[in-house]
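Worksheet: the structure to be examined is printed underneath.
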Amino acid sequence: MQPVKLKVKQTVVIIPTSPFNFDATVFKPAHFPTPDSFWQPGKRWQTALWRRRPLGLIIENKGTIAKPKVHLHVFSQTGLSKEFLENIKQEIIWRFNLHLNSKDFIERFKTDKILGPAIKNLKGMRPMTHGSLYDFLVITIMLQNAPVRRSIQMMQNLFEKYGKLLEFGSKKLYCLWPAEKLAKVPEQDLRKLKVGYRAKNLLRISLPFAKNEIDEMELRQKLPTEQKKILLSLYGVGPQSVSYLMPDIFHNFDFLEHVPLWERKILSKKIFNTGTENPAPEEKLLKFFGKYKPYKQLAMHYIWEDLWWRHKQSPIDWLIKEVRA
DNA sequence: CATCAGGGCCCTG
DNA sequence: CAGGGCCCTGAT
Numbered sequence: 001m002q003p004v005k006l007k008v009k010q011t012v013v014i015i016p017t018s019p020f021n022f023d024a025t026v027f028k029p030a031h032f033p034t035p036d037s038f039w040q041p042g043k044r045w046q047t048a049l050w051r052r053r054p055l056g057l058i059i060e061n062k063g064t065i066a067k068p069k070v071h072l073h074v075f076s077q078t079g080l081s082k083e084f085l086e087n088i089k090q091e092i093i094w095r096f097n098l099h100l101n102s103k104d105f106i107e108r109f110k111t112d113k114i115l116g117p118a119i120k121n122l123k124g125m126r127p128m129t130h131g132s133l134y135d136f137l138v139i140t141i142m143l144q145n146a147p148v149r150r151s152i153q154m155m156q157n158l159f160e161k162y163g164k165l166l167e168f169g170s171k172k173l174y175c176l177w178p179a180e181k182l183a184k185v186p187e188q189d190l191r192k193l194k195v196g197y198r199a200k201n202l203l204r205i206s207l208p209f210a211k212n213e214i215d216e217m218e219l220r221q222k223l224p225t226e227q228k229k230i231l232l233s234l235y236g237v238g239p240q241s242v243s244y245l246m247p248d249i250f251h252n253f254d255f256l257e258h259v260p261l262w263e264r265k266i267l268s269k270k271i272f273n274t275g276t277e278n279p280a281p282e283e284k285l286l287k288f289f290g291k292y293k294p295y296k297q298l299a300m301h302y303i304w305e306d307l308w309w310r311h312k313q314s315p316i317d318w319l320i321k322e323v324r325a
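Residues 1 to 325 (full-length UniProt numbering) make up the first sequence, in order.
As structure tokens, this is what we get:
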């Protein structure tokens, strides 16, 4: 496929709240790679379909943990208005939580026995989402009942068939399709991409977005209980998908009702030193994180990410077994 | 070669 | 609220 070259580059400056850990925010080592983004220290490439325009984004570190500064480079086919740029800037601030105030959290738990070391290591890290609610839902559907390796393959197939290849900042990356395009695809075509029964789920999840029945911006304003209810009403979204969506998409950092099995295995070993083959029951983990209220989810994120960053720096044997990528 | 479970969810009884 | 079925694939 010939890439679409995004020749126009415009740059805006963002000053995140301090402290800010750039790399641990924009890159999550436990996430599997998809061909819509690329990371190297100090820089993340990310495609986005924003207000119907395919964009190339580079978010670049220009500051320090104590004095954060970020350049957002926006690549497009034709120039973008000031208003558009400001709009995408605000969206990136939201998605990467660049204006999050985490001082209270840090102060409260920096000496905690389990959480303290993670805070020390990753101080200023934030949860993030790479894209929109729809972008994220596509991933949660492809995660279902499949080993990671297969999820990666399914995402790759989908991007190649229905995505748009963009070239910007000397990288070629795919941009996700518009929901209305996917909603019209015959189920059989999707099945050819070896997504199996997920074809039906992908179609059904695309529909409300194609018909503008789901307004992500509006949902952001609603109470967590309402957000959860609406997410669960979507076909193909269950408790596990919700456990990812509530913090990452809707920034509910105290939301912790469910810990998926593979995370439970890993966290259980880390926290209670159990074997990964017999992890602590979910109840026990939820109870443990109860003490980090009102930051239960944020606390789990720090402990989780800390483990993965350490693993990246010097591989942890037992963790390798749990990643079948 | 067969069998099985995998970073779920829906539907049924 | 428990349990079967769903697509496909790599591991055993």
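In this text, a Cβ means the ideal position worked out from N, Cα and C, and glycines have one as well.
- Message: Just to confirm before moving on: does the CB-CB distance between VAL138 and LEU202 stay below 8 angstroms?
- Response: Position 138 of the first sequence, counting from 1, holds the residue named residue 138. Position 202 of the first sequence, counting from 1, holds the residue named residue 202. In this structure, VAL138 places its C-beta atom within 8 angstroms of the C-beta atom of LEU202.
- Message: Tell me which residues share the same chain as GLY42 and place their Cβ nearer than 8 angstroms to its Cβ, disregarding the 5 neighbours each side in the sequence.
- Response: Here residue 42 is taken as the residue at index 42 of the first sequence, counted from 1. Non-local beta-carbon contacts of GLY42 in its own chain, meaning distances under 8 angstroms to residues more than five positions away in sequence, involve PHE22, ASP23, GLU60, ASN61 in chain order.
- Query: So, helix, strand or coil for TRP50, using DSSP?
  - Reply: As a first step, residue 50 must be located in the first sequence, where it is residue number 50. Annotated three-state conformation of TRP50 is strand, per DSSP.
- Message: Considering only the alpha carbon of each residue, which of ILE93, THR111, THR17, PRO54 lies closest to LYS5?
- Response: Numbered from 1 along the first sequence, position 5 holds the residue referred to as residue 5. Checking every option, the nearest Cα to that of LYS5 belongs to PRO54.
- Task: Alpha carbon to alpha carbon, how far is TRP177 from LYS200? Give it in angstroms, no decimals.
- Result: Position 200 of the first sequence, counted from the first residue, corresponds to residue 200. Position 177 of the first sequence, counted from the first residue, corresponds to residue 177. Rounded to the nearest angstrom, the gap between the Cα atoms of LYS200 and TRP177 is 17 angstroms.
- State the Cα-Cα distance for the pair LYS222 and MET246, rounded to the nearest angstrom. Counted from its first residue, the first sequence places residue 222 at position 222. Counted from its first residue, the first sequence places residue 246 at position 246. Cα-Cα distance, rounded: 12 angstroms.
- Query: Is the distance from the Cβ of TYR244 to the Cβ of THR140 below 8 angstroms?
  - Reply: Walking along the first sequence from the start, residue 244 turns up at place 244. Walking along the first sequence from the start, residue 140 turns up at place 140. Against a cut-off of 8 angstroms, the Cβ pair of THR140 and TYR244 comes out as a contact.
- Alpha-carbon to alpha-carbon, SER132 and ASP189: Your numbering for residue 189 matches position 189 in the first sequence. Your numbering for residue 132 matches position 132 in the first sequence. Rounded to the nearest whole angstrom, the CA to CA distance from ASP189 to SER132 is 25 angstroms.
- Looking at C-alpha atoms only, which residue of ARG264, LEU232, ASN157 is the closest neighbour of LEU285? On the first sequence, residue 285 is found 285 positions in, with the first residue counted as 1. It is ARG264.
- By a C-beta neighbour count over all protein chains shown, 10 Å radius and 16 as the cutoff for buried, is TRP45 buried or exposed? Along the first sequence, read from residue 1 onward, the residue named residue 45 stands at position 45. With 16 or more Cβ atoms within 10 Å of its Cβ, TRP45 is classed as buried.
- Considering only residues of the same chain and omitting the five flanking positions on each side of PHE27, which have a CB-CB separation below 6 angstroms? Translated into positions along the first sequence, residue 27 becomes position 27. TRP39, listed in sequence order.
- Query: Going by other Cβ atoms of all chains shown within 10 Å of its Cβ, with 16 needed for buried, is ILE65 buried or exposed?
  - Reply: Within the first sequence, the letter at position 65 stands for residue 65. With fewer than 16 other Cβ atoms from the protein chains shown falling within 10 Å of its own Cβ, ILE65 counts as exposed.
- Item | Limits of the alpha helix (DSSP H) - the one that residue 330 falls within | With the chain covering 1 to 325 only, the question about residue 330 has no answer from this structure.
- Would you mind reading off the limits of the alpha helix (DSSP H) that contains LYS120? Here residue 120 is taken as the residue at index 120 of the first sequence, counted from 1. Start and end: 115-122.
- Can you check whether the CB of MET125 is closer than 8 angstroms to the CB of THR25? Start at 1 with the first residue of the first sequence, and residue 25 comes out as number 25. Start at 1 with the first residue of the first sequence, and residue 125 comes out as number 125. Going by beta carbons, THR25 and MET125 fall inside the 8 angstroms limit.
- Query: So what does DSSP say about TYR174, is it helix, strand or coil?
  - Reply: Along the first sequence, one-based indexing puts residue 174 at 174. In the structure shown, TYR174 sits in a strand (DSSP, three-state: E or B).
- Query: Are the beta-carbon atoms belonging to THR34 and MET155 less than 8 angstroms from one another?
  - Reply: Sequence index remark: in the first sequence, residue 34 carries index 34 (1-based). Sequence index remark: in the first sequence, residue 155 carries index 155 (1-based). Contact: yes.
- Specify whether the stretch 265-273 and the stretch 82-97 touch according to this definition: at least 3 beta carbon pairs, one from each stretch, less than 8 angstroms apart. Using a C-beta cut-off of 8 angstroms, the stretch 265-273 makes no contact with the stretch 82-97, since fewer than three inter-stretch Cβ pairs fall below that distance.
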